[in-house]
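Residue numbering for the sequence shown follows the working numbering, beginning at 1376 and increasing consecutively.
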Amino acid sequence: MIVLAACSSGGFDRSDDAVFAPGVAGPSDIDGLIVGHRLMGAGEYDLALKAYNRAAAQQGLNVDTMSAIGSANLNLGRLNQAERWLRRATQEDPGFPPAWNNLGVVLMEKGQASEASEVFRRAYAADNGNSDEIRDNLRLALENLANPGNIVLEKSQDYNLIRRGAGDFVLMTDL
1376 MIVLAACSSG
1386 GFDRSDDAVF
1396 APGVAGPSDI
1406 DGLIVGHRLM
1416 GAGEYDLALK
1426 AYNRAAAQQG
1436 LNVDTMSAIG
1446 SANLNLGRLN
1456 QAERWLRRAT
1466 QEDPGFPPAW
1476 NNLGVVLMEK
1486 GQASEASEVF
1496 RRAYAADNGN
1506 SDEIRDNLRL
1516 ALENLANPGN
1526 IVLEKSQDYN
1536 LIRRGAGDFV
1546 LMTDL
């Protein structure tokens, strides 16, 4: 004896008494940069990088997204990738102090104090001297340049990474 079981003959039509999977969600209203900045503040750099990449997909590659991607890569220890993104950001907007500052931090981490001090000067000039973090980074880079044997690489932990948020420069993290 053969018993056959049959499913609903409704095919792909939605029936009122069955569970039906929803369609694809529409575009998100959540700003990936804001999410990324919050994740960076929480020390979740890999998740922040993913949020910044989503922001770049939504907004396009602009100075904010390139600088943010570079900063996340810096915190992940990916110095070459960070440098590449931050250089692109400074080319996109030469007057954007956070990108210059964060590029200087990358260069200091790579041991290139001479170029880093020049980059910090550009950041300080672009900011009109308003940022204590940039001033401190410039001072440390100049000290390192003047006395390279007296300042140990661990001193780079004093360099400040900054971001732009609501028009202000905010201390993101101490590296």
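Ideal Cβ positions, reconstructed from N, Cα and C, are used throughout, including at glycine.
As the crow flies, the alpha-carbon of Glu1493 is around 29 angstroms from that of Ala1423. In the three-state scheme derived from DSSP, where H, G and I count as helix and E and B as strand, Asp1511 is classed as helix.
Assigned with DSSP and collapsed to three states, Lys1425 falls in helix. For Leu1449, the enclosing alpha helix (DSSP H) starts and ends at 1438–1450. Scanning its chain for C-beta atoms nearer than 8 angstroms, with the 5 sequence neighbours on each side dropped, one finds around Lys1485 the residues Leu1454, Glu1458, in chain order. With a threshold of 16 other beta carbon atoms within 10 Å, Ser1489 falls short and is exposed. Restricted to the segment 1447–1485, the alpha helix (DSSP H) segments that are unbroken, complete and at least 4 residues in length are 1454–1467, 1472–1484, listed in chain order. By the CB criterion at 7 angstroms, Leu1449 and Val1481 fall inside the cutoff. Contact fails between the segment 1456–1470 and the segment 1424–1431, because fewer than three Cβ pairs, one in each stretch, are under 8 angstroms apart.
Relative to Gly1504, the option among Ile1405, Asn1522, Glu1467, Pro1472 whose CA is nearest is Pro1472.
Within a 10 Å sphere around the beta-carbon of Ile1405 sit fewer than 16 other beta-carbons, which makes this residue exposed. About 4 angstroms separates the CB atoms of Ala1474 and Ser1442; that is less than 8 angstroms, so the two are in contact.
Collapsing the DSSP output to three states places Ala1488 in a helix. Burial is judged here by how many other beta carbons sit within 10 angstroms of a residue's own beta carbon; Ala1521 has fewer than 16 and is exposed.
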